Amino acid sequence: MKLDAAVLPRTAALAERLAELHDVASAAGLLAWDRETNMPPGGSEARIAQMATMSRLVHRMTTDDALYALLDDAAAEVAGRAPDDPAAALVRVTRRHVDDARCLPEDFVRRRAEISGRAHPAWVQARADDDFGAFAPHLAAVVELGRELAGYYGYADDPYDALLDRFEEGATTAQVRALFDELQAALVPIARAIREEGRPIDDGILHRDYPVPAQQAYARELARSVGYDLDRGHIGTAVHPFAASFGRGDCRITTRWYPNFVGAAIFGTLHECGHAMYEQGTDPAFARGPLARGASSGLHESQSRTMENLVGRSRGFWEARFGNLQAAFPSALGDADADGFYRAVNKVQGSPIRVEADELTYNLHIVLRFELEQALLRGDLAVADLPAAWNERMVALLGIAPPSDREGVLQDVHWTRPSFGYFPTYALGNLIAAQLFQAAVAADPAVASDLAAGSPAALWSWLGEHVHRHGKVYRPADLVVRATGRPLGVESFVRYARAKFGDVYDLAL
Ligand code: ZN
Numbered sequence: 101m102k103l104d105a106a107v108l109p110r111t112a113a114l115a116e117r118l119a120e121l122h123d124v125a126s127a128a129g130l131l132a133w134d135r136e137t138n139m140p141p142g143g144s145e146a147r148i149a150q151m152a153t154m155s156r157l158v159h160r161m162t163t164d165d166a167l168y169a170l171l172d173d174a175a176a177e178v179a180g181r182a183p184d185d186p187a188a189a190l191v192r193v194t195r196r197h198v199d200d201a202r203c204l205p206e207d208f209v210r211r212r213a214e215i216s217g218r219a220h221p222a223w224v225q226a227r228a229d230d231d232f233g234a235f236a237p238h239l240a241a242v243v244e245l246g247r248e249l250a251g252y253y254g255y256a257d258d259p260y261d262a263l264l265d266r267f268e269e270g271a272t273t274a275q276v277r278a279l280f281d282e283l284q285a286a287l288v289p290i291a292r293a294i295r296e297e298g299r300p301i302d303d304g305i306l307h308r309d310y311p312v313p314a315q316q317a318y319a320r321e322l323a324r325s326v327g328y329d330l331d332r333g334h335i336g337t338a339v340h341p342f343a344a345s346f347g348r349g350d351c352r353i354t355t356r357w358y359p360n361f362v363g364a365a366i367f368g369t370l371h372e373c374g375h376a377m378y379e380q381g382t383d384p385a386f387a388r389g390p391l392a393r394g395a396s397s398g399l400h401e402s403q404s405r406t407m408e409n410l411v412g413r414s415r416g417f418w419e420a421r422f423g424n425l426q427a428a429f430p431s432a433l434g435d436a437d438a439d440g441f442y443r444a445v446n447k448v449q450g451s452p453i454r455v456e457a458d459e460l461t462y463n464l465h466i467v468l469r470f471e472l473e474q475a476l477l478r479g480d481l482a483v484a485d486l487p488a489a490w491n492e493r494m495v496a497l498l499g500i501a502p503p504s505d506r507e508g509v510l511q512d513v514h515w516t517r518p519s520f521g522y523f524p525t526y527a528l529g530n531l532i533a534a535q536l537f538q539a540a541v542a543a544d545p546a547v548a549s550d551l552a553a554g555s556p557a558a559l560w561s562w563l564g565e566h567v568h569r570h571g572k573v574y575r576p577a578d579l580v581v582r583a584t585g586r587p588l589g590v591e592s593f594v595r596y597a598r599a600k601f602g603d604v605y606d607l608a609l
């Protein structure tokens, strides 16, 4: 990030130092990208060493005393500037990042790596064997790490606050709990009504024969057509799809391809495009600095969900584009139509598995994890009692009793690390997406008319103006208020879900 050295000499010097840190962190990120996409298996051992060295280097640069002194000087220099002044925002964001890195004792960082390193393979094995007992001691150690971590970060009321704040700056457990309580009160009856009264939807057409090369060609064209700039982007293949950016000129995505399921390619591509297009849209002035990122995990997820769900699972999108899809897969879709495809991709799955859940019930899977994570951290719930608590809440929230722990408490990788507080950002993303969408539709009539014609262009341009270009300048809650005129609530999402699933299921919800 370039600042005028004549006006802000110390902050400009800080920005220069941060640019170097950004270069090294990007190079480290590229090693990780390559590991997931291109690296031959034989490279694994050397890559572990390379990545460990790079991460030590990044840590050393982040916790460097000279950088800290520069940060203090810059803070004095920008004092009194408005919070949305980019120089002030740069200092705020850097302060958070540096303090987080400096507050963790080396011994803790080492133990965290060791415990998580052992917990991951133990989880893989326990899940394969459907044996929660084998994972339980590892989870207990991870929960203990989470408590310790919260202590280093510091908190006023609730240890969960400290962890949540890492992913969603400024959010508190009490706020999220209030939102989620309201959300579950609204969604549980909707999901029940669909379960009990909705006419069954057959999504078999998604599971026909879809040749992978045709999927790859289609996904590329799909990404381009929704506005993903492929001169500043790239689509790779990975087992667990993700987006990774190395500056706004290089925002990449990965997708996975199943020969008998086209949904992963279409919606995975759209989802990751949303993430990548957020960062492609940041202000060029923020290049090589920490502001050229999404405002928070929740905001980031809001943009991926917007592209995947609000755009990609909308009726207009498929009415306009089904012909193209059919032309790409004539043997699979020769006898299908746009309405059937739209319903199939919006089927409410009623699955015990989070990643298989639909747009509606997905949020309830998150509510469950949010509740249980807090109970574990507070010590209100013993690890040994977790499977029973999980199954009980699944029945209450989703009406589903998981047939096994493999399809229940053991399904997610997240608890092999002390990353408590991350799960809620998935559902916050859905809420933010719906609220931004409603504001965009109200502000510009072209948003709805473009979408009805299958194009997110006007929507994305509104989001670019109100969200993307600002990068990390605003705190997430402030950005939402600024863009939509009110604090984050559940109304937009609930209204959207009622209309959408009422249409899909021909129900008055
Ligand atoms: Zn995502």
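Be aware that the sequence shown starts at 101, since it is given in the working numbering, and climbs by one per residue.
Backbone N, C-alpha and C fix where the C-beta goes; we use that ideal spot for every residue, glycine too.
All values reported here derive from a predicted model rather than from experimental measurement.
- With a cutoff of 7 Å, residue 404 counts as near the ligand ZN, since its C-beta is closer than that to a heavy atom of the ligand.
- For the region 139-201, the continuous alpha helix (DSSP H) assignments of 4+ residues that do not extend past its boundaries occur at 144-163, 165-178, in sequence order.
- Membership of residue 398 in the alpha helix (DSSP H) is indicated by the continuous run 397-405.
- Taking every protein chain shown into account, the CB of residue 330 has fewer than 16 other CB atoms within 10 angstroms, so this residue is exposed.
- Note on residue 265: 16 or more other CB atoms within 10 angstroms of its CB, so buried under the neighbour-count rule.
- Per the C-alpha coordinates, the member of 114, 439, 373, 470 positioned closest to residue 283 is 470.
- In the three-state reduction of the DSSP assignment, residue 325 falls in the helix class.
- Residue 148 counts as exposed, since fewer than 16 other beta carbons sit within 10 angstroms of its beta carbon.
- Inter-residue distance for residue 146 and residue 433 is about 46 Å (C-alpha atoms, whole angstroms).
- If only uninterrupted beta strand (DSSP E) runs of at least 3 residues are considered, those enclosed by the region 308-355 are 333-337, 343-345, 351-355.
- Here DSSP, grouped into helix, strand and coil, assigns residue 260 to helix.
- In this structure, the straight-line span from the alpha carbon of residue 497 to that of residue 458 is close to 14 Å.
- Assignment of residue 386 by DSSP, reduced to helix, strand and coil, places it in the helix class.
- Separation of the CB atoms of residue 464 and residue 472 is rounded to 13 Å, and the pair is thereby denied contact status at 8 Å.
- Counting along the chain, the unbroken alpha helix (DSSP H) around residue 562 starts and ends at 557-566.
- Beyond the five residues adjoining it in sequence on each side, residue 398 comes within less than 7 Å, by CB distance, of 268, 525, 528, 529, 532, 576 in the same chain, given in chain order.
- For residue 429, the secondary structure class from DSSP, reduced to helix, strand or coil, is coil.
- Residue range 591-605 is occupied by the alpha helix (DSSP H) that includes residue 592.
- Within the same chain, and ignoring the five residues on either side of residue 438 in sequence, the residues whose Cβ sits closer than 7 Å to its Cβ are 418, 419, 422.
- By the 16-neighbour rule on beta-carbons within 10 angstroms, residue 455 is exposed.
- Shortest Cα-Cα distance from residue 429 to any of 362, 179, 535 involves 362.
- Taking 8 Å as the cut-off, the beta carbon of residue 376 is found no closer than this to the beta carbon of residue 318.
- Straight across, the Cα-Cα distance linking residue 505 with residue 222 is about 15 Å.
- The region 548-564 makes no contact with the region 300-307, as fewer than three CB pairs between them are under 8 Å.
- For residue 378, the uninterrupted alpha helix (DSSP H) segment begins and ends at 363-380.
- DSSP lists 361 as the beta-bridge partner residues of residue 358.
- The beta carbon of residue 401 sits closer than 7 Å to at least one heavy atom of the ligand ZN.
- Sequence-distant partners of residue 407 (beyond 5 residues in either direction) whose C-beta falls short of 6 Å from its own C-beta, in its chain, are 370, 373, 374.
- Distances between the C-beta of residue 465 and the heavy atoms of the ligand ZN are all 7 Å or more.
- With the rule of 3 Cβ pairs closer than 8 Å, the region 244-254 does not count as touching the region 482-490.
- Inclusion of residue 499 and residue 452 in the CB contact set at 8 Å is not warranted, their separation being larger than that value.
- With 16 or more other Cβ atoms from the protein chains shown falling within 10 Å of its own Cβ, residue 401 counts as buried.
- When only Cα atoms are considered, residue 389 and residue 296 end up about 52 Å apart.
- The nearest non-hydrogen atom of the ligand ZN is less than 7 Å from the C-beta of residue 375.
- Note on geometry: alpha-carbon atoms of residue 518 and residue 233 lie some 19 Å from one another.
- The DSSP-derived three-state label of residue 463 is helix.
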